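In my numbering, the protein residues as written are 0 to 87.
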């Protein structure tokens, strides 16, 4: 079955993502990449694939979401397992 595509505003997503406690973990990941390879590449797609959850408020086209995927806290857990993303 083909995954539905969630449309997410790039700026809003990045503001949310980097406002969370993720920043210290990301800094550690970047440090390890620089130490091992001399560089570290990060993309929106790599962030998307590593997300543990995403709040519904960041999804512009909520109609494509299966209601069974929505947690009580209005989030989707591990969204990349069931959905692809298009940042707008």
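Note that beta-carbon positions come from the ideal geometry of N, C-alpha and C, so glycine has one too.
From a predicted model like this one, the values you see are computed outputs, not experimental measurements.
| Check | Outcome |
| --- | --- |
| First and last residue of the uninterrupted alpha helix (DSSP H) at residue 94 | With the chain covering only 0 through 87, there is no way to say anything about residue 94. |
| Within 9 Å, strictly: CB atoms of residue 51 and residue 77 | yes |
| Local conformation of residue 5 per DSSP, three classes | strand |
| Unbroken beta strand (DSSP E) run spanning residue 53, endpoints | 52–54 |
| Rounded distance between the beta-carbons of residue 55 and residue 112, thought under 8 Å | As shown, the chain starts at 0 and ends at 87. That puts residue 112 outside it, with no answer to give. |
| 9 Å Cβ cutoff met for residue 63 and residue 7 | no |
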